[in-house]
Amino acid sequence: MMRAALAEARQAEVLNEVPIGAVVVKDGQIIGRGHNMRERFQDVTYHAEMLAIMEACEKLHSWRLEDCDLYVTLEPCIMCSGAIVNARIKNVYYGASDPKAGAVDSLYHLLNDSRLNHQVNVTSGVLQGECSQMLKNFFREIRRQKKAARKKRRAKD
Numbered sequence: 001m002m003r004a005a006l007a008e009a010r011q012a013e014v015l016n017e018v019p020i021g022a023v024v025v026k027d028g029q030i031i032g033r034g035h036n037m038r039e040r041f042q043d044v045t046y047h048a049e050m051l052a053i054m055e056a057c058e059k060l061h062s063w064r065l066e067d068c069d070l071y072v073t074l075e076p077c078i079m080c081s082g083a084i085v086n087a088r089i090k091n092v093y094y095g096a097s098d099p100k101a102g103a104v105d106s107l108y109h110l111l112n113d114s115r116l117n118h119q120v121n122v123t124s125g126v127l128q129g130e131c132s133q134m135l136k137n138f139f140r141e142i143r144r145q146k147k148a149a150r151k152k153r154r155a156k157d
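Here UniProt numbering is used: position 78 in the sequence shown is 78, and no number is missing along the way.
Written out as structure tokens, the structure is:
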């Protein structure tokens, strides 16, 4: 299932979005897919997880995803972790850690916070190398493009 999330991440990359992908699974079947689309729609809520959760809710005609699992290529942020808890997703599997915004293990532990009404089973590091490398390659290319644009501007001046 993480390979399906990676395929979603590749779709984001084609759109020049940060390559993060997610799928929601119920009974071994994918019922929700998503990849980052923040830039395209200029909407901060268009994270891969949010879109996959919305599609799964629509398919099930319910906001409760109690018997569902989420596979995502990057550790979920605060917003996505809140949606995961509120949807009552059973298990989350993620690839790469996010030391700057991760709300599952890195900065916060929202999915396992006993003060909340629901806790989620978490498995980290699933296909971590592939998930991490895709992000590293994307940001390396962005930096290269920015450097080339600066060089071009300087040459014009």
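Note that CB positions come from ideal geometry on N, CA and C, so glycine has one too. From a predicted model like this one, the values you see are computed outputs, not experimental measurements.
Task: Other residues of its chain near R40: CB distance less than 8 angstroms, five sequence neighbours each side excluded - done: L15, E17, Y46
TODO: Could you tell me the boundaries of the beta strand (DSSP E) in which R33 lies?
DONE: 29–35
Task: With 16 other Cβ atoms within 10 Å as the buried cut-off, status of V44 - done: exposed
Task: Range of the contiguous alpha helix (DSSP H) that encloses G95 - done: Element bounds for G95: not the alpha helix (DSSP H) but the beta strand (DSSP E), 91–96.
Task: K59: CB within 6 angstroms of a non-hydrogen atom of the ligand FAD - done: Within the structure as shown, the ligand FAD is missing, as the structure has no ligands at all.
Task: Straight-line Cα distance separating C68 from R150 - done: 47 angstroms
TODO: Kindly indicate which three-state DSSP category V72 falls into: helix, strand or coil?
DONE: strand
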